[in-house]
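*Asks:* Got a structure for you, written out below as structure tokens; questions coming shortly.
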Amino acid sequence: AQSVTQLGSHVSVSEGALVLLRCNYSSSVPPYLFWYVQYPNQGLQLLLKYTSAATLVKGINGFEAEFKKSETSFHLTKPSAHMSDAAEYFCAVSVFGNEKLTFGTGTRLTIIP
Amino acid sequence: GAVVSQHPSWVICKSGTSVKIECRSLDFQATTMFWYRQFPKQSLMLMATSNEGSKATYEQGVEKDKFLINHASLTLSTLTVTSAHPEDSSFYICSARVAGRWETQYFGPGTRLLVL
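Here it is as structure tokens:
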């Protein structure tokens, strides 16, 4: 079985500062990893995904994440936070051919003006 | 593109009544739809997977007689919470997958259910 752990249920950063949201995974087979964002009263939107190609994955809205097998991590970063980035972020894992997603508990990102 | 809607967005009902939640893929055909449940400050938990024209596959611990899922067409799946009780109060989210793209799910905005 696979699982993900998101460190920090709440993260606050100043506008313009680096955003770093942490995700560690556990999987006995090579994982596929995802980051989703959820704005208030909206569905989850896929930010980016790692599917065993390049370890540095670029997504929408300037976000990127790096798959580090040695650290079992898939942290999400953005160089400069924008007010519109305030939302809930979910890390998720699956394995090849298995469409089921296992989600982390989410991290609420707050941007300080 | 790839929009999934849910209706209603909010529902309040009395204990013992049944509630139906609809999930629609608006601009694509979804061969597979998923139903999740999300408790406050917790993960999305997969409840069941439904494929068009066949019975849903429920995750362990989910009562299939309690949560009835119907996927009658390639654009519509419904979740019926039967004889709802206060402990069924939660946020229910659906997602839809396009055939041939197993790794991509499009999510609906969710339905918040409150059972009094």
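Those sequence lines, one after another, are chains A and B. So the first sequence is numbered by this note's numbering: it starts at 22 and just counts up by one. So the second sequence is numbered by this note's numbering: it starts at 49 and just counts up by one. All C-beta atoms in this analysis are idealised placements derived from N, C-alpha and C, irrespective of residue type, glycine included. No experiment lies behind these values; they were computed from the predicted model shown.
#1: If you measure from the beta carbon of leucine 122/A to each beta carbon in chain B, is any gap under 8 Å?
#2: Check whether the Cβ of valine 52/B lies closer than 8 Å to any Cβ atom in chain A.
#3: If you follow the beta strand (DSSP E) that serine 53/B is part of, which residue opens it and which one closes it?
#4: What three-state label does DSSP hand asparagine 82/A in the structure shown?
#5: Closer than 8 Å by beta-carbon distance: list the chain A residues that pair up with glycine 156/B, in chain order.
#6: Which runs of the beta strand (DSSP E) spanning at least 3 residues fall entirely within the region 35-63 of chain A, listed in chain order?
#7: In or out: histidine 31/A buried (at least 16 other Cβ within 10 Å) or exposed?
#8: Per DSSP, what kind of secondary structure is glutamate 135/B in: helix, strand or coil?
#9: Quick one: what's got a C-beta closer than 6 Å to lysine 62/B's C-beta in the same chain, skipping five residues either side?
#10: Starting from the Cα of phenylalanine 124/A, find the closest Cα among Leu41/A, Ser33/A, Val40/A, Val58/A and give me that residue.
#11: Using a Cβ cut-off of 9 Å, pull out every chain B residue sitting near serine 30/A, in sequence order please.
#12: Check this for me: beta carbons of valine 25/A and valine 116/A, under 8 Å apart or not?
#13: So, does the CB of threonine 79/B fall closer than 8 Å to a CB anywhere in chain A?
#14: Quick check on the DSSP output: the beta strand (DSSP E) that includes histidine 103/A runs from which residue to which?
#15: Name, please, each residue of chain A whose Cβ falls closer than 9 Å to the Cβ of glutamine 108/B.
*Replies:* From the atom records:
#1: To locate residue 122/A, count along the first sequence from 1; it is residue 101. Yes, its Cβ sits closer than 8 Å to a Cβ of chain B.
#2: Numbered from its first residue, the second sequence carries residue 52/B at position 4. It does; some Cβ of chain A falls within 8 Å.
#3: By 1-based counting over the second sequence, the position of residue 53/B is 5. Its beta strand (DSSP E) spans residues 52-55.
#4: In the first sequence, residue 82/A corresponds to position 61, counting from 1. Asparagine 82/A: helix per DSSP, three-state reduction.
#5: Here residue 156/B refers to the residue found at position 108 of the second sequence. Within 8 Å Cβ-Cβ: Gly64.
#6: As for any beta strand (DSSP E) of minimum length 3 sitting wholly inside the region 35-63 of chain A, the runs are 40-47, 52-59, ordered along the chain.
#7: Taking the first residue of the first sequence as 1, we reach residue 31/A at position 10. Counting C-beta atoms within 10 angstroms of its own C-beta, histidine 31/A has fewer than 16 neighbours from the protein chains shown and is therefore classed as exposed.
#8: The residue you call residue 135/B lines up with position 87 of the second sequence. If DSSP states are grouped into helix, strand and coil, glutamate 135/B belongs with the helices.
#9: By 1-based counting over the second sequence, the position of residue 62/B is 14. Contacts found: Leu164.
#10: The count along the first sequence starts at 1 and reaches residue 124/A at position 103. Out of Leu41/A, Ser33/A, Val40/A, Val58/A, Val58/A has the C-alpha closest to the C-alpha of phenylalanine 124/A.
#11: What you label residue 30/A is simply residue 9 of the first sequence in a count that begins at 1. One finds Lys89 in chain B with Cβ atoms closer than 9 Å to the Cβ of serine 30/A, taken in chain order.
#12: For the purposes of this step, residue 25/A is taken as residue 4 along the first sequence, with counting starting at 1. For the purposes of this step, residue 116/A is taken as residue 95 along the first sequence, with counting starting at 1. Not closer than 8 Å, so no.
#13: Residue numbering aside, residue 79/B sits at position 31 when the second sequence is read from its first letter. No, threonine 79/B does not count as interfacial toward chain A.
#14: By 1-based counting over the first sequence, the position of residue 103/A is 82. Here histidine 103/A belongs to no beta strand (DSSP E), and DSSP marks it neither H nor E.
#15: The sequence position of residue 108/B within the second sequence is 60, counting from 1. What glutamine 108/B touches in chain A: nothing, since even the nearest Cβ is about 11 Å away.
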